[in-house]
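Heads up, the thing below is written out as structure tokens.
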Amino acid sequence: MANIEKTEFRLPEEPQGSRASSRRDTVDPAAQAGEQDAELNLRPKSLAEFIGQPKVCDQLGLVLNGARRRGVTPDHVLLSGPPGLGKTTMAMIIAQELGTSLRMTSGPALERAGDLAAMLSNIMEGDVLFIDEIHRIARPAEEMLYMAMEDFRIDVIVGKGPGATSIPLDIPPFTLVGATTRAGMLTGPLRDRFGFTAQMEFYGVEDLTRVVDRAARILGVHIDHEASTEIASRSRGTPRIANRLLRRVRDYADVHGDGRIDLAAAQGALEVFDVDSLGLDRLDRAVLSVLVKGHGGGPVGVNTLAVAVGEEPSTVEEVCEPYLVRAGMIARTGRGRVATARAWLHLGLEPPEGALGVHDTHSEE
Ligand SMILES: Nc1ncnc2c1ncn2[C@@H]1O[C@H](COP(=O)(O)OP(=O)(O)OP(=O)(O)O)[C@@H](O)[C@H]1O
Ligand SMILES: [Mg+2]
1 MANIEKTEFR
11 LPEEPQGSRA
21 SSRRDTVDPA
31 AQAGEQDAEL
41 NLRPKSLAEF
51 IGQPKVCDQL
61 GLVLNGARRR
71 GVTPDHVLLS
81 GPPGLGKTTM
91 AMIIAQELGT
101 SLRMTSGPAL
111 ERAGDLAAML
121 SNIMEGDVLF
131 IDEIHRIARP
141 AEEMLYMAME
151 DFRIDVIVGK
161 GPGATSIPLD
171 IPPFTLVGAT
181 TRAGMLTGPL
191 RDRFGFTAQM
201 EFYGVEDLTR
211 VVDRAARILG
221 VHIDHEASTE
231 IASRSRGTPR
241 IANRLLRRVR
251 DYADVHGDGR
261 IDLAAAQGAL
271 EVFDVDSLGL
281 DRLDRAVLSV
291 LVKGHGGGPV
301 GVNTLAVAVG
311 EEPSTVEEVC
321 EPYLVRAGMI
331 ARTGRGRVAT
341 ARAWLHLGLE
351 PPEGALGVHD
361 THSEE
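1 is the number of the first residue of the sequence shown in full-length UniProt numbering; add one for each residue after it.
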């Protein structure tokens, strides 16, 4: 069992106003306050237990086994991908597979180089240092990290002003695991120092069904196959959302039935929580509706959309759009957002002549 050192871990703080709050709670892919405990129990503990992401699992298995055979610490690993797909889970699994300790921190917690120096000076040979939201690390800490990653050495500055001296400090070989939802925001030098980058992809319905079934087993709830498939297909490709929807459905089944989850319970609960057949919530549908009914399908600028639904542009752009684009409902074009035929159909309307078809939907980002 890997020893997980959690004392230094702080959840990254979201900048004020960057995210819609209560309106998005059910299908927000970001973790919610108080959700950590529920999630901890549901995290797979080994690569073999990890559902989906076959490519990442295979590649990572090779990286870890290769290093183990050669008796060295594995290359630094960058886990990149949208929220809720299993980056933190995978970091814990890496330490577990290596049989070493995991030390966790996050980019926003490393404000000064000293914060990182304190973490690094506690590291033992072979440890895994996990830095969540690594793209938010402060510049001085980032520069110290370059040297630590490359040479397993840092310079600690002691004192201030002209009398300051730098003391070199050797660090035992360790493996850095960085996680980021914004790989594009990483600086080149930092990205280059990772030996292996794992790109986590959204999950298909089959894999998410297995995630739901597994979570139900752990929670001790009985669930039908149709019900777990129903939850999976409304989970926006994201295990965190699948687990959350399962908890909501369980509440509903406890209140309205005998606690067993069948298709009717799943559908009933998801209707109460406003999650439609494709996993869109009220805000997503509002955006589609403004685009389709208010602007004939677009193109419409993101600011206009945001004002019309009463949200910040960043919320529409970062919270709604990624999934709407992925679901083939909207396309981002140079002139604004355009609704595809699929969006019209989803709102129960006949798409006009010339609306983008499902298959030629594209994203310019
Ligand atoms: N492959 C998987 N199989 C089963 N459960 C999973 C899997 N991936 C993720 N989960 C579950 O989804 C939840 C979220 O996963 P995790 O915290 O690892 O995501 P993350 O990528 O770190 O998200 P964030 O970007 O918000 O930090 C956890 O409760 C975990 O149990
Ligand atoms: Mg995480």
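Beta carbons: idealized from backbone N, C-alpha and C, even for Gly.
Predicted, not measured: the structure shown is a model, and the values here were computed from it.
Next on the checklist: Considering only DSSP beta bridges, list what residue 80 is partnered with.
Outcome noted: Residue pairing by DSSP places residue 80 opposite 180, 199 in a beta bridge.
Next on the checklist: Given the structure, does residue 37 come close to ligand 2, in the sense that its CB is under 7 Å from one of the ligand's heavy atoms?
Outcome noted: Short note on residue 37: C-beta not closer than 7 Å to any heavy atom of ligand 2.
Checklist entry - Cβ of residue 199 versus every heavy atom of ligand 1: is any distance shorter than 7 Å? => result At a threshold of 7 Å, residue 199 does not count as near ligand 1, since its beta carbon sits no closer than that to any of the ligand's heavy atoms.
Checklist entry - Sorted by chain position, which residues of the same chain lie with C-beta nearer than 7 Å to residue 171's C-beta, five sequence neighbours on each side aside? => result The residues 120, 123, 148, 152, 153, 154, in chain order, have a CB closer than 7 Å to that of residue 171 in the same chain once the five nearest residues on each side in sequence are set aside.
Item to check | residue 353 - DSSP class collapsed to helix/strand/coil | outcome: Three-state DSSP puts residue 353 in coil, outside helix and strand.
Checklist entry - Helix or strand or just coil, what does DSSP make of residue 165? => result DSSP places residue 165 in strand when its eight states are reduced to three.
Checklist entry - Do you know whose CA, among 55, 49, 34, lies nearest residue 213's CA? => result When only C-alpha atoms are compared, the closest one is 49.
Item to check | N-terminal and C-terminal residue of the beta strand (DSSP E) that residue 156 is part of | outcome: Counting along the chain, the beta strand (DSSP E) containing residue 156 begins and ends at 153 to 158.
Checklist entry - Cβ-heavy atom distance between residue 377 and ligand 1 below 7 Å? => result No answer is possible for residue 377: it lies beyond the span of the chain, which begins at 1 and ends at 365.
Item to check | Length of the line joining the Cα atoms of residue 84 and residue 210 | outcome: Within the model, the alpha-carbon separation for residue 84 versus residue 210 is close to 16 Å.
Next on the checklist: By DSSP's criteria, residue 105 is part of a beta bridge. Which residues make up the other side?
Outcome noted: Paired residue(s): 131.
Checklist entry - Can the beta-carbon of residue 291 be found closer than 8 Å to that of residue 302? => result No, they are not a contact pair.
Item to check | Whole-angstrom C-beta distance between residue 298 and residue 337, which should lie under 8 Å | outcome: At roughly 5 Å, the Cβ-Cβ gap stays under 8 Å, so residue 337 and residue 298 are in contact.
Next on the checklist: For residue 327, list the residues DSSP reports as bridge partners.
Outcome noted: Partner(s): none; residue 327 has no beta bridge.
Checklist entry - Comparing alpha-carbon positions, which option in 231, 203, 247, 206 lies nearest residue 37? => result When 231, 203, 247, 206 are compared, the shortest CA-CA separation from residue 37 is found for 247.
Checklist entry - Are residue 180 and residue 106 close, meaning C-beta to C-beta below 8 Å? => result Going by beta carbons, residue 180 and residue 106 fall outside the 8 Å limit.
Next on the checklist: Can you tell me where the beta strand (DSSP E) holding residue 337 begins and where it ends?
Outcome noted: Per DSSP, the unbroken beta strand (DSSP E) holding residue 337 starts and ends at 336 to 339.
Item to check | Cβ neighbour criterion (16 or more within 10 Å) applied to residue 256 | outcome: With fewer than 16 other Cβ atoms inside 10 Å of its own Cβ, residue 256 counts as exposed.
Checklist entry - Quick one: Cα of residue 72 to Cα of residue 316, how far? => result Taking C-alpha positions only, residue 72 is separated from residue 316 by approximately 45 Å.
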